[in-house]
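Residue numbers (the numbering used here): 1 to 157.
For glycine and all other residues, C-beta sits at the position ideal for the given N, C-alpha and C.
All values reported here derive from a predicted model rather than from experimental measurement.
Okay, structure first, notes after.
What follows is the structure in structure tokens.
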């Protein structure tokens, strides 16, 4: 299994879609925080989601999730998926992407690469363990992110 990417840029500058659920009921959101690496001898993807996000519910209820990456031409679509909530309507249709069912999850036809991940760990971030400036900048009015670790079990291109 091989995935070559600038791990410092692929989330922060290029963005990705995080999707959880199944073909009948799923939600996706744009993420710019994440990481790729190894843990416990496994290739992993790490993603962070605030509890107020609709996708959070799907991640908590799902054993699998996908992290998918897109060519620059889909930047506007990712912008839509990062600002609208799936609670309020079909944001995927508004973004113009085509859902693609996988055995355990969902991705999109337009993705240049998708990481199929099996959730292996979940932890709410603890503001008491964070620098004060981070708490002030990100968590003064909302609960902190939940960190999800997924073992990358397949890479689809």
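Around the beta-carbon of residue 134, fewer than 16 other beta-carbon atoms lie within 10 Å, marking it exposed. In this structure, the alpha-carbon of residue 141 lies about 12 Å from that of residue 52. Boundaries for residue 96: no beta strand (DSSP E) harbours it, and the DSSP string shows neither H nor E there. By a beta-carbon distance limit of 8 Å, residue 77 contacts residue 96. Their separation comes to about 6 Å. Here residue 20 is near residue 59, since their CB atoms are less than 8 Å apart. When DSSP assignments are scanned along the segment 35 to 93, the uninterrupted stretches of beta strand (DSSP E) that are 3 or more residues long and fall wholly within it turn out to be 42 to 49 and 64 to 69.
Residue 50 and residue 82 have their C-alpha atoms roughly 13 Å apart.
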